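**Q**
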Amino acid sequence: MRRRAVTGALYATPAAILVALFFVVPLLLVAWMSLHRWPLLGSPKLNLPANYSAIADNALLGSAAWFTVRYTVIITVLLFVVAFGLALLVQNRRRGVGFFRTAFFLPVAVGFASASLLFLGLLSEEVGPLPFSGDGPALGSVVLLVLWRFAGFNMLILLTGLQAIPVDVYEAARIDGATRLQMFLRITVPLMRPTIALVLTMMVTGSLLAFDQFWILTRGGPDNSTTSLVMVIYREAFVRLDLGSAAGISVVLLVLLAVLSSLQFAFLRRRSA
Amino acid sequence: MKAMLAAVVLVLATAACGAEKQGSADDGTTLTLWTRAATESVSKAYADAYNAGHRNKIEVTAYPNEEYPAKLASAAGVKSLPDLFAADVVFAPQYAAQGLWADISEQFSALPVKDSVAPSHVRAGTWEGRNYALPHTIDLSVMLYNKDLYTKAGLDPEKPPRTLQEFAEHARKIDKIGGDVHGTYFGGNCGGCVEFTLWPSVWAAGGDVLDADGRSARIDSPEMAQVFALYRDLYDEGVASPGSKGEQGPTWLGALQGGKVGIAPGPSVWLDAIEAKGVKTGLAPIPGITGGESTFVGGDAVGIGATSGKAQQAWDFLAWTTSEEAQVEVIAQRKGVPFRTDLAANRYSSADPRLVTANGLVAKGKTPYARNFNATFNDPQGPWLTAVRGALFGNPTSALMAGNDAINQSLRKE
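Top line first, the protein sequences correspond to chains A and B. First residue of the first sequence: 1, per UniProt numbering; consecutive thereafter. First residue of the second sequence: 1, per UniProt numbering; consecutive thereafter.
Next comes the structure, spelled out in structure tokens:
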């Protein structure tokens, strides 16, 4: 028995080393940095709790946090509806369904930064074919980009959840005279709960950490109306060159994300128990 | 840190003496030079001319303008800065304060031409009395005007405006031509563009924007309010192209190259790029509301990467860039503005009166100095752009008052 345990530990070691090296160590370093005034060159000085107390005075951070929450709600709702809709459309094996599955999934193959640049080109007044001008709908264009880029991926995850539901359950329901809506609400949704929870968690964390799309498409504008939390962290680190402050905000964001994710999972476990 | 660096330089100098002829800094070393895309062609021209006459080799790498500061910061974080790097001159106080450039005070004070090196640039590369950077390129803000549109509007293309009010009148007249022609254009969603083109009008009127230490701003001054009001009117009347409101910088040059803009303040280095598109362009100093003239002495500063082990060889290159050979045969020859004030009149500039105008402005202009300049004025999330947007498109009085407080706070942030 002990031998088995040792073998198991050995198998887990490579992964554990990788996680420690590329996740745990940087995480501890960020926490350590957040306690210091950390210059780019030269030695850091302890300045606890300045990096944390400054967070309260950062007006930009407040508006960015509010915007990020709004963005997260919008994206999570829309992306979930679109992705679930697409998954239901291509759920059953029919003629030509493979084509649509591929078509819906295809945008995932485009790198996110490339996709953002693609939209920037499409929406540009100078070179783009679409007639947008001036301030334009900055948030709207980002939402459109994210839907286009991520709907296919989430559709795929939801599709695997859908296909894991045994066909006989539906057949039994149909014999009992259940309507399509009843089958969806009483069978599909309850059996999909773990998959739905996974997808929602990924959408929420992804949106709270949004950066690329805003950095490339809107630069946080116009008038800071699309400045996300991570953009503020970027500004602290690479514009103000204050690594300690950036680390401080990162730690706070990390704690909030951890709390949020554990709440989501707790909710999921309770309901599926 | 400085002691360690000095030791490294000393060790290297000794090593170089052993391998090469006594004290030579031109010993066949390869030096890396980083620059932003906007400056790439000038950096490469310097490098080519230097490489042709020296055993050292300069290798230039350029990065996209917007990503460049982050690239430098991450390189500094892992202590692998290049041997030399150039940066927007307004960022120089911050880089000097952060110790990203090596101290070159001794070498600089020994330089025979040190008194004629553009003083505002030298000041920008100074932190706590020590020199960290030299000028690399000079870019001045000037009025650029379309000579054909001037003629078409019944204006004399040889008589550019002498006051900012005259500039507005000219713009209105040209705007009357109609069609897709507009009187003027500006970067209304770009903090860097606005400071570069509007501050000279404040300076020309005898006003100031920043104090000498870069810790207090005066954007709530009457001079500043007047300048903003003038541009605001031009936008409201539709004389300034509607594209001005959203202009973030990247498409600014393209708008002027289109030949549909009458007169607009912009960088002097664009003169060639605009004329290359067949737009006959005049160049004039940026005036104040009722007269006077000034310019924002922009461009790039260059220094030795603090983590470089080749400081002596890198200085050899920097010292060479201050030579007449470099400033006249490289910079002036490609219609640039020499950074040595004693070379403002040279055999290339005398062929084009517009260059004489530009070169003469260096002494009249300013380079604002502040350690937190980028975070306050150039960064799109900084408080300056918020104030600018309010002053041009929102409530001007409150925007400038509130903006000044926010800017002071940002300037003083440690």
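No residue lacks a Cβ here, since even glycine has one placed at the ideal position from N, Cα and C. Source: prediction; values computed, not measured.
1) Got a sec: is the Cβ-Cβ distance from D223/A to anything in chain B below 9 Å?
2) So, do the region 100-111 of chain B and the region 331-350 of chain B have three or more beta carbon pairs nearer to each other than 8 Å?
3) Judging by CA-CA distance, which residue of G303/B, T307/B, G188/B and G309/B is the nearest neighbour of T322/B?
4) Determine the extent of the alpha helix (DSSP H) in which K147/B is found, giving its start and end residues.
5) So K57/B is in the beta strand (DSSP E); what residue range does that whole segment cover?
6) Note down, in chain order, all residues in the region 353-382 of chain B with a beta-carbon under 9 Å from any beta-carbon belonging to chain A.
7) DSSP state of G134/A, grouped into three classes?
8) Can you find the residues in the same chain that come closer than 8 Å, C-beta to C-beta, to L268/A, ignoring five residues on each side of it along the sequence?
9) Can you look up K44/B in the DSSP assignment and give me helix, strand or coil?
10) Rounded to whole angstroms, what is the Cα-Cα separation between A9/A and L27/A?
11) Residues of chain B with CB under 7 Å from R219/A, in chain order?
12) Residues in its own chain within less than 6 Å of L263/A by CB, not counting five upstream and five downstream?
13) Going by DSSP, what residues sit across from G282/B in a beta bridge?
14) May I have the straight-line CA-CA distance separating P383/B from V297/B, to the nearest angstrom?
15) Decide yes or no for the touch test of the region 211-223 of chain A against the region 17-37 of chain A: beta carbon pairs closer than 8 Å, at least 3 of them.
16) How long is the line joining the alpha carbons of L149/B and S53/A, rounded to whole angstroms?
17) To the nearest angstrom, how far is the alpha carbon of S250/A from that of I233/A?
18) Give the single residue among P119/B, D156/B and T386/B whose Cα lies nearest to the Cα of G282/B.
19) From V230/A to R162/B, what distance separates their C-alpha atoms?
20) Please confirm whether K152/B and I177/B have their CB atoms less than 9 Å apart.
21) What does a CB cutoff of less than 7 Å around V261/B pick up in its chain, not counting 5 residues either side in sequence?
22) Name the chain A residues whose beta carbon is nearer than 7 Å to that of G77/B?
23) Measure the C-alpha to C-alpha separation of T197/B and L243/A and round it to an integer number of angstroms.
24) Listed in chain order, which residues of the region 89-122 of chain B have Cβ atoms closer than 8 Å to some Cβ of chain A?
25) Whose Cβ in chain A lies nearer than 7 Å to the Cβ of N189/B?
26) Less than 9 Å between CB atoms is the rule here; does V237/A satisfy it with respect to chain B?
27) Per DSSP, which one or two residues make a beta bridge with V117/B?
28) Mapping the DSSP letters down to three states, classify G96/A as helix, strand or coil.
29) Are there three or more Cβ pairs, one per stretch, closer than 8 Å when the region 110-117 of chain B is compared with the region 271-285 of chain B?
30) Taking the alpha carbon of A97/B as the point to measure from, which residue in G214/B, N189/B, C190/B and G336/B has its own alpha carbon closest?
31) Helix, strand or coil: how does DSSP classify K79/B here?
32) Please report the residue range of the alpha helix (DSSP H) in which E223/B lies.
33) If I measure Cβ to Cβ from L106/A and keep anything under 8 Å in the same chain, skipping five residues before and after, which residues do I get?
34) What residues match up with S216/B in a beta bridge as DSSP calls it?
35) Under 8 Å: do the region 144-158 of chain A and the region 81-90 of chain A share three or more Cβ pairs, one atom per stretch?
36) Interface residues of chain A around A49/B at Cβ under 9 Å?
**A** Considering the structure as presented:
1) yes
2) no
3) G303/B
4) K147 to K152
5) K57 to Y63
6) N372, N374, A375, N378, D379, P380, Q381 and G382
7) Bear in mind that a pLDDT of 49 at G134/A, under 50, signals an unreliable position, so the number given afterwards is only what the model happens to contain. The answer is coil: DSSP assigns G134/A none of H, G, I, E or B.
8) R193, P194 and A197
9) helix
10) 23 Å
11) Q248 and P380
12) none
13) Y145/B
14) 22 Å
15) no
16) 57 Å
17) 7 Å
18) D156/B
19) 47 Å
20) yes
21) N146, H182, T184, Y185, S241 and A255
22) L40
23) 32 Å
24) Q94, Q98, G99 and L100
25) G221 and P222
26) Residue identity check: residue 237/A is Ala in the sequence provided, not Val. So yes, A237/A belongs to the interface.
27) R340/B
28) coil
29) no
30) G214/B
31) coil
32) P222 to D236
33) G152
34) Answer is none; S216/B lacks a bridge partner.
35) yes
36) By Cβ distance, chain A contributes nothing, its closest Cβ being about 31 Å from A49/B, past 9 Å.
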